[in-house]
Amino acid sequence: MQLSEQEIIRREKLNKLVEMGINAFPADEYVITDTTESIKQDFADNKQVKIAGRLMSRRIQGKASFAELQDSTGRIQVYFNRDEICTGEDKTLYNEVYKHLLDIGDIIGVEGELFTTQVGEKTVLVKNFTLLTKSLRPLPQAKTDENGVVHDAFNDPELRYRQRYVDLTVNPQIKEVFVKRTKLFNAMRTFFNDAGYFEVETPILQSIPGGAAARPFITHHNALDIPLYLRIANELYLKRLIVGGFDGVYEFSKNFRNEGMDRTHNPEFTAMEIYVAYKDYNWMMDFTEKLLEFCAVQVNGTTKATFGEYEVDFKAPYQRISMTDAILKFTGFDITDKTEQELFDFAKSIGIEVNETMGKGKLIDEIFGEKCEGNFIQPTFITDYPIEMSPLTKKHRSKEGLTERFELMVCGKEIANAYSELNDPIDQRERFEDQLKLSEKGDDEAGQFIDEDFLRALEYGMPPTSGLGIGMDRLIMFLTNNASIQEVLFFPQMKPEKATPQIELGEDEKVILEILNSQEEPFSLAEVKERSQLSGKKWDKASKTLTKNNLVKVEKIDENLLMKLV
Numbered sequence: 003m004q005l006s007e008q009e010i011i012r013r014e015k016l017n018k019l020v021e022m023g024i025n026a027f028p029a030d031e032y033v034i035t036d037t038t039e040s041i042k043q044d045f046a047d048n049k050q051v052k053i054a055g056r057l058m059s060r061r062i063q064g065k066a067s068f069a070e071l072q073d074s075t076g077r078i079q080v081y082f083n084r085d086e087i088c089t090g091e092d093k094t095l096y097n098e099v100y101k102h103l104l105d106i107g108d109i110i111g112v113e114g115e116l117f118t119t120q121v122g123e124k125t126v127l128v129k130n131f132t133l134l135t136k137s138l139r140p141l142p143q144a145k146t147d148e149n150g151v152v153h154d155a156f157n158d159p160e161l162r163y164r165q166r167y168v169d170l171t172v173n174p175q176i177k178e179v180f181v182k183r184t185k186l187f188n189a190m191r192t193f194f195n196d197a198g199y200f201e202v203e204t205p206i207l208q209s210i211p212g213g214a215a216a217r218p219f220i221t222h223h224n225a226l227d228i229p230l231y232l233r234i235a236n237e238l239y240l241k242r243l244i245v246g247g248f249d250g251v252y253e254f255s256k257n258f259r260n261e262g263m264d265r266t267h268n269p270e271f272t273a274m275e276i277y278v279a280y281k282d283y284n285w286m287m288d289f290t291e292k293l294l295e296f297c298a299v300q301v302n303g304t305t306k307a308t309f310g311e312y313e314v315d316f317k318a319p320y321q322r323i324s325m326t327d328a329i330l331k332f333t334g335f336d337i338t339d340k341t342e343q344e345l346f347d348f349a350k351s352i353g354i355e356v357n358e359t360m361g362k363g364k365l366i367d368e369i370f371g372e373k374c375e376g377n378f379i380q381p382t383f384i385t386d387y388p389i390e391m392s393p394l395t396k397k398h399r400s401k402e403g404l405t406e407r408f409e410l411m412v413c414g415k416e417i418a419n420a421y422s423e424l425n426d427p428i429d430q431r432e433r434f435e436d437q438l439k440l441s442e443k444g445d446d447e448a449g450q451f452i453d454e455d456f457l458r459a460l461e462y463g464m465p466p467t468s469g470l471g472i473g474m475d476r477l478i479m480f481l482t483n484n485a486s487i488q489e490v491l492f493f494p495q496m497k498p499e500k501a502t503p504q505i506e507l508g509e510d511e512k513v514i515l516e517i518l519n520s521q522e523e524p525f526s527l528a529e530v531k532e533r534s535q536l537s538g539k540k541w542d543k544a545s546k547t548l549t550k551n552n553l554v555k556v557e558k559i560d561e562n563l564l565m566k567l568v
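Take the sequence shown: its letters are residues 3 to 568, numbered as in the working numbering.
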């Protein structure tokens with residue numbers, strides 16, 4: 003393992019601590035009586051406190067030092083004074099341990115009393131401290147120059163997502179997104195539980211992937227010697243429970259789809275699905291409005307949320323428009339009674355990429371996605387989808403060729419999908435067979451299986467039911483003003499981290515390599531330099547070191563200079 007100069011120094015300090023008989027990783031419980039938040043809320047001079055946290059900064063001035071301690075609730079100033087900590091003749095704990103063997107990032111416990119500095123800063127006067135964990139790798143340290151410009155901030159998205167533990171430490175404001183995420187889940191549970199519905203769990207490993215049109219991940223069960231699939235949706239299992247006699251069931255499920263990744267899609271994501279017996283999609287629209295209004299208030303204290311340049315209001319009621327009317331409004335084309343060839347020709351005529359594997363449903367979906375979705379900013383229900391797009395949905399009670407389905411659009415993105423659920427087993431079998439034909443035609447997102455057990459359950463009889471699915475990751479994106487799904491997942495899926503070259507590299511060289519490792523395609527030379535935030539002198543030295551050691555190379559393609567890994 004190649005260590006940087008700082009990492010080597012920290013390990014040398016660790017060895018010195020061991021020689022002094024100090025355990026840098028003690029197992030003993032450290033009893034905490036206070037947090038930085040509780041101290042500030044109930045502050046009183048001379049009050050005794052005991053806290054623990056990470057050392058984030060310090061200013062040593064001889065026999066005294068001001069420092070900052072960060073715990074899970076925030077930061078507080080602590081004051082180290084040699085004679086307060088070392089009351090006897092032996093000053094080793096301050097002079098050696100604190101001044102020379104502790105580092106930024108170390109986790110310590112502090113006992114002391116509160117006082118207010120001359121400039122009004124609430125501070126802990128340290129009477130004793132205990133090393134709880136030695137940090138062997140230096141934290142990124144942002145610096146602000148005389149002009150107020152911040153340098154070396156830990157803000158590169160690739161690094162932040164890959165090293166979320168560092169991100170949460172040096173950018174503690176990020177925690178608020180995940181606090182709000184938990185508030186959203188709690189609010190939704192409260193709403194459902196108060197309505198009398200029952201939270202359940204269904205299988206993640208499934209013998210037949212169903213409940214959605216998506217490409218599954220495949221694995222193999224050795225003992226049973228059968229293929230198994232990570233679930234793409236939990237819908238069919240929840241409906242089985244309605245057959246079994248539950249009036250309302252819901253689940254927060256981890257779903258997995260072996261498809262593309264972008265700013266709004268991750269291969270592993272969280273969905274909520276709820277099914278309520280004796281209801282239809284009209285009732286579910288009313289229910290969804292009330293649910294999201296309640297959740298918005300619980301998460302943000304208001305029904306309004308800022309998302310990019312828009313202010314979105316989740317206060318009910320929401321606008322409703324049929325898919326047919328939406329396409330007609332924004333394209334002038336009426337999809338009613340159109341053949342597959344007519345839809346194909348129209349989609350092609352307006353610049354949509356189409357191919358022979360697409361059936362009517364996929365063609366209509368592409369037309370709507372390309373020409374209509376982006377126009378719906380405020381929460382809007384898109385209703386009455388064509389039957390070809392909705393294999394699990396009841397036929398519309400009065401509109402031929404349509405189904406009783408809605409999707410909720412916000413800022414041009416779908417966040418909820420709901421049906422009057424199909425409970426006719428004969429109709430359901432025919433829909434499955436139609437999906438199978440599309441799959442055989444080459445549509446790899448169409449259903450590739452007929453779930454005979456689910457059909458058997460329907461034959462026993464499922465009461466009229468309405469179901470709703472909500473993408474939890476996407477919803478919290480809107481409630482926290484994050485345009486990327488990676489910002490609301492603690493650990494989003496990433497490309498494998500490439501091996502670190504086995505030569506001695508400085509921090510500047512590592513910064514450049516980390517940028518180049520973040521994607522397969524080469525970067526422009528100018529972009530790498532800009533993202534590295536290195537000064538001209540440091541950039542020249544680091545880039546020359548990397549090219550000299552044949553770790554990176556610069557190529558001129560057309561008029562562009564590109565930098566890439568060798």
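All residues carry an ideal CB built from backbone N, CA and C; glycine is no exception.
Going by C-alpha positions, residue 533 is about 29 Å away from residue 181. By the beta-carbon neighbour count (other beta carbons within 10 angstroms, threshold 16), residue 500 is exposed. The three-state reading of DSSP puts residue 159 in helix, counting H, G and I together. For the pair residue 553 and residue 530, the CB atoms are not nearer than the 8 Å cut-off. The residue from 284, 402, 135 and 353 with its alpha-carbon nearest to that of residue 384 is 284.
By the criterion of at least three beta-carbon pairs nearer than 8 Å, the stretch 86-93 is not in contact with the stretch 199-206. Nearest neighbour of residue 463 by Cα position, chosen from 176, 308, 243 and 487, turns out to be 243. Pairing residue 415 with residue 305 gives a Cβ-Cβ distance that is not under 8 Å.
Around the CB of residue 10, fewer than 16 other CB atoms lie within 10 Å, so the residue is classed as exposed. No residue range can be given for residue 227, since it is assigned to no alpha helix (DSSP H) and is classified by DSSP as neither H nor E. For residue 326, the uninterrupted alpha helix (DSSP H) run begins and ends at 325-333, by DSSP. Minimum Cα-Cα distance from residue 218 among the listed residues 269, 237 and 201 corresponds to 269. In the DSSP assignment, residue 72 falls within the beta strand (DSSP E) that extends over 66-73. Annotation: residue 137 to residue 54 spans about 15 Å, alpha carbon to alpha carbon. C-alpha of residue 523 to C-alpha of residue 158: approximately 17 Å in a straight line. Residue 291 and residue 317 have their C-alpha atoms roughly 7 Å apart. Between residue 77 and the set 58, 551 and 24, the nearest pair of CA atoms involves 58.
DSSP places residue 130 in the strand class (E or B) of the three-state scheme. Look at residue 421 here: in three-state DSSP terms it is strand. Pairing residue 485 with residue 212 gives a Cβ-Cβ distance that is not under 8 Å.
Assigned with DSSP and collapsed to three states, residue 139 falls in coil, not helix or strand. Inter-residue distance for residue 140 and residue 8 is about 7 Å (C-alpha atoms, whole angstroms). The residues 204, 213, 253, 255 and 275, in chain order, have a CB closer than 7 Å to that of residue 236 in the same chain once the five nearest residues on each side in sequence are set aside.
Per DSSP, reduced to three states, the secondary structure at residue 264 is strand. For residue 188, DSSP assigns no beta-bridge partner whatsoever.
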